[in-house]
Each structure stands twice: as structure tokens, then as C-alpha cells.
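*Asks:*
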Ligand code: ADP
């Protein structure tokens with residue numbers, strides 16, 4: 057039998073309790089084992105929601121979600137997903153070293169129950185080495201630079217030996233050199249561990265290099281293919297709410313607005329001579 061997809065969403069619709077609009081509408085996507093998928097979309101487009109559903113943090117949805125053939129909750133319990141949340145600042149107040157923070161990831165649900173296992177210590181050291189954090193792993197996390205801290209949190213996410221690494225807006229607040237280092241780090245992690253990687257971001261640059269496929273999400277899925285297919289038209293369609301204050305209102309055909317996967321739609325400027333942005337960087341916030 058074929059191996060199940062790493063992550064599979066089938067016609068998933070979700071609204072937060074009390075919300076008047078859906079955060080996700082009829083989203084279907086498939087991430088193969090070992091694939092690197094970038095989920096790109098504007099703020100409020102539903103990227104974090106998609107992650108929360110895959111992680112089993114929110115589960116009152118319509119449709120079906122499978123993670124290596126399991127429900128998201130089962131997958132979380134089995135430690136299949138290592139997660140790098142968007143903001144970890146709260147944890148910086150804890151008097152933990154980088155290695156101790158990584159050990160937390162290695163121990164997972166066992167943390168605090170009995171002595172730290174030898175196996176966890178080895179996993180934590182391996183993860184620290186893989187991300188190149190040996191020289192600062194003994195320092196308090198609160199004293200680390202943004203780039204160092206990101207390495208520690210990636211080590212922590214990997215220390216439990218997950219099959220999927222999920223990252224939420226990993227390049228926010230990281231300068232251009234840091235972004236290049238981050239891309240090289242992910243490349244290394246992928247090459248050495250063969251994990252499936254899921255990155256959600258509003259930053260085209262965070263996924264243009266190093267993702268096998270891109271899914272563009274603005275409540276519905278607008279595109280799900282290789283990054284080479286990401287045209288200015290697709291980006292303008294997905295980011296239209298972000299760019300319309302700058303470029304005037306873009307008219308998107310009704311069938312495109314319905315947001316079918318693989319349907320890129322057509323964009324017109326309403327005859328006003330205004331054009332959607334030409335380059336990917338132009339639409340990045
Ligand atoms: P993104 O990660 O792409 O910025 P989100 O998934 O955070 O988007 O949000 C998608 C939509 O769901 C937005 O309209 C947002 O306001 C709404 N939303 C997000 N979290 C909550 C919540 N906890 N309660 C109610 N609405 C929420």
C-alpha cells in the first residue's frame with residue numbers, strides 16, 4: 057500500500073466560535089511525505105488556522121484532515137509534528153539555557169515525570185548540532201540574538217524526532233542575512249532528516265527558495281503547485297486585500313473569487329490603467 061500523505065486536508069471549512077465569517081473555506085491540499093510546502097497568504101488569510109487544525113489545537117471543523125493517516129490529535133500525541141510557533145517571547149522569561157529548552161522538546165509529554173532519559177539527552181544534543189547551535193546552547197535563551205534563538209527553537213521542534221516540521225512565520229523580525237542562513241539551515245535539516253516541512257508565511261522570500269510546492273491561501277486555496285507557477289497575477293489575487301489600498305481595487309473574476317484549487321482566475325484593473333504589482337517582492341509586506 058502507498059504511504060499515506062504527510063498532511064491531507066479534504067474540503068476543510070472552519071469558523072472560530074462566534075465569528076461571522078469562516079477562517080477557512082473548502083480547503084483541500086496534500087503534502088507528500090518528505091515534501092516542503094510553503095503556505096503563502098496575506099495576514100488574516102487563515103495560515104495559522106490551517107496549522108492549528110493540522111496540530112489538533114482547533115478541531116471543530118467540517119471536512120477531513122489526516123496526518124500520516126491519523127487524526128491531528130492522534131498525530132500530536134504520537135509526536136509526529138514538531139512545531140515552531142510564531143512568537144516564543146513569553147518563553148524568554150524562563151531561566152532556561154538553549155540546551156534545556158531543546159531537552160523540553162525531546163522529553164515532550166514525559167517532561168517533569170521522572171529523570172530525564174538518556175535518549176532525550178542524546179536527541180537534544182543531536183538537534184543542537186544539526187542546527188549549528190553548539191557554541192551558544194549553554195547560554196540563557198533570553199540572552200540570545202533573534203537568529204540564535206530561532207536555531208534553538210528549531211532544535212527544540214526537532215528534538216522529539218518528528219516526521220513533520222511546521223513553522224509559523226519563521227522569518228518575521230529576521231534580517232536578510234538571517235533569512236539566507238535560515239534557508240540554508242532548512243535545506244540542511246531537510247537533506248539530513250528527510251522530514252516533511254510546512255512553512256506558513258506572508259513573506260514570499262521565505263518560501264521562494266527551498267519549497268517544492270506553494271499553496272496560496274486567502275480563506276480559500278488559490279494555487280497549489282510549484283513555486284515557478286507563482287505569477288504576479290496569482291500573487292496579486294491572493295494579496296489583493298493587502299495591495300488594493302496601494303493599487304486601487306482589483307477586479308477578480310467571480311469564479312476566481314470562489315477560490316477553487318488549481319484555478320488561478322483572471323485579474324483586471326477595471327480599465328483604470330492601474331496594474332497589479334509586477335514582481336513578487338512588490339506584494340510582500
Ligand atoms: P493568518 O495566520 O493568515 O494571519 P489567521 O489564521 O490567524 O490568519 O486568521 C484567519 C481569520 O480567523 C482572521 O479573520 C482572524 O481574524 C480570525 N481569527 C484568528 N484567530 C481567531 C480567534 N482565536 N478567534 C476568532 N477569530 C480568529
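In this note's numbering, the protein residues as written are 57 to 341. The C-beta atom is built at its ideal place from N, Cα and C for all residues, glycine as well. Note that this is a predicted model, so its numbers are computed, not measured.
#1: Please check the pair residue 212 and residue 157, which I expect to be a contact at CB under 8 Å, by giving their CB distance rounded to whole angstroms.
#2: If I measure Cβ to Cβ from residue 125 and keep anything under 7 Å in the same chain, skipping five residues before and after, which residues do I get?
#3: Would you verify that the beta carbon of residue 77 is, or is not, closer than 7 Å to some beta carbon of chain B?
#4: Please go through the same chain and pick out, in chain order, the residues whose beta-carbon is closer than 6 Å to the beta-carbon of residue 203, but skip the five residues on each side of it.
#5: Is residue 198 a contact residue of the ligand ADP, with contact defined as CB to any heavy atom under 6 Å?
#6: Under 7 Å between the Cβ atoms of residue 138 and residue 128?
#7: Between the beta-carbon of residue 194 and the beta-carbon of residue 252, is there less than 7 Å?
#8: Which same chain residues, not among the five before or five after residue 161, have their C-beta less than 8 Å away from its C-beta?
#9: Skipping 5 residues on each side, what residues in its chain have a beta carbon closer than 8 Å to that of residue 117?
#10: Count the other CB atoms, across all protein chains shown, that sit within 10 Å of the CB of residue 248; report buried if there are 16 or more and exposed otherwise.
#11: Taking DSSP as the reference, what is the three-state secondary structure of residue 136?
#12: How far does the beta strand (DSSP E) with residue 92 in it reach, from first residue to last?
#13: Identify every residue that forms a DSSP beta bridge with residue 208.
#14: Which residue wins for smallest C-alpha separation from residue 206, given the options 221, 62, 187 and 220?
#15: For residue 104 versus residue 224, is the C-beta distance shorter than 7 Å?
#16: Just to check, is the beta-carbon of residue 103 closer than 6 Å to a non-hydrogen atom of the ligand ADP?
#17: What is the DSSP secondary structure of residue 196, reduced to helix, strand or coil?
#18: Restricting to runs no shorter than 3 residues, where is the beta strand (DSSP E) found entirely within the segment 226–273?
#19: Can residue 162 be considered in contact with the ligand ADP, in the sense that its beta carbon sits closer than 6 Å to one or more heavy atoms?
#20: Check residue 119 in the structure and name its three-state DSSP category.
#21: CA-CA distance, residue 106 and residue 208?
#22: Could you tell me if the beta carbon of residue 222 falls within a distance shorter than 6 Å of some heavy atom in the ligand HEM?
#23: So, using beta-carbon positions, are residue 260 and residue 278 closer together than 7 Å?
#24: When you measure from the CB of residue 112 to every non-hydrogen atom of the ligand ADP, does any distance come out below 6 Å?
#25: Looking only at its chain, what residues have a beta carbon closer than 7 Å to the beta carbon of residue 82, apart from the 5 residues adjacent to it on each side?
*Replies:* Well, looking at it:
#1: Here residue 212 is taken as the residue at index 156 of the chain shown, counted from 1. Here residue 157 is taken as the residue at index 101 of the chain shown, counted from 1. A Cβ-Cβ separation of about 5 Å places residue 212 in contact with residue 157 under the 8 Å criterion.
#2: Numbered from 1 along the chain shown, position 69 holds the residue referred to as residue 125. Cβ neighbours of residue 125 within its own chain (closer than 7 Å, five residues either side excluded): 60.
#3: In the structure shown, chain B cannot be found, because there is only a single protein chain.
#4: The residue you call residue 203 lines up with position 147 of the chain shown. Excluding positions up to five away in sequence, the list reads 234.
#5: Working through the chain shown from its first residue, we reach residue 198 at position 142. No; taking the cut-off as 6 Å, the Cβ of residue 198 has no heavy atom of the ligand ADP nearer than that.
#6: Residue 138 sits at position 82 when you count from the first residue of the chain shown. Residue 128 sits at position 72 when you count from the first residue of the chain shown. In this structure, residue 128 does not lie closer than 7 Å to residue 138 by Cβ.
#7: Reading the chain shown from its first residue, position 138 is the one you call residue 194. Reading the chain shown from its first residue, position 196 is the one you call residue 252. Taking C-beta atoms as the reference points, residue 194 and residue 252 fail to come closer than 7 Å.
#8: In the chain shown, the residue the question calls residue 161 occupies position 105. Excluding residues within five positions, the ones whose Cβ falls inside 8 Å are 138, 180, 183, 211, 212, 213, 214, 215 and 216.
#9: In the chain shown, residue 117 corresponds to position 61, counting from 1. When the five nearest sequence neighbours on each side are left out, the beta carbons in the same chain lying within less than 8 Å of the beta carbon of residue 117 are those of 68, 69, 70, 80 and 109, in order along the chain.
#10: One-based indexing of the chain shown puts residue 248 at position 192. Result: exposed.
#11: As a first step, residue 136 must be located in the chain shown, where it is residue number 80. DSSP places residue 136 in coil when its eight states are reduced to three.
#12: If you number the chain shown from 1, residue 92 lands on position 36. In this chain, the beta strand (DSSP E) harbouring residue 92 covers 92–96.
#13: Taking the chain shown and counting its residues from 1, one reaches residue 208 at position 152. Residue 208 pairs with nothing; no bridge assigned.
#14: Position 150 of the chain shown, counting from 1, holds the residue named residue 206. Ranking the options by Cα distance to residue 206, first place goes to 187.
#15: Along the chain shown, one-based indexing puts residue 104 at 48. Along the chain shown, one-based indexing puts residue 224 at 168. Their beta carbons are under 7 Å apart, which means residue 104 touches residue 224 by this criterion.
#16: By one-based count along the chain shown, residue 103 stands at place 47. The ligand ADP has a heavy atom closer than 6 Å to the beta-carbon of residue 103.
#17: Here the question's residue 196 lines up with position 140 in the chain shown. Three-state result, residue 196: strand.
#18: Within the segment 226–273, the runs of beta strand (DSSP E) at least 3 residues long that lie entirely inside it are, in chain order, 252–257.
#19: Within the chain shown, the letter at position 106 stands for residue 162. No - the ligand ADP has no heavy atom lying nearer than 6 Å to the Cβ of residue 162.
#20: Counting from 1 along the chain shown, the entry for residue 119 is found at position 63. Strand.
#21: Counted from its first residue, the chain shown places residue 106 at position 50. Counted from its first residue, the chain shown places residue 208 at position 152. Each residue's Cα considered, the two are about 24 Å apart.
#22: Here the bound small molecules are the ligand ADP; the ligand HEM is not part of this structure.
#23: Taking the first residue of the chain shown as position 1, residue 260 is located at position 204. Taking the first residue of the chain shown as position 1, residue 278 is located at position 222. No, these two residues do not count as a Cβ contact at 7 Å.
#24: Within the chain shown, the letter at position 56 stands for residue 112. Checking every heavy atom of the ligand ADP against the Cβ of residue 112, none is found closer than 6 Å.
#25: As a working note, residue 82 is residue 26 in the chain shown. Excluding sequence neighbours, residue 82 sits near 67, 69 and 276.
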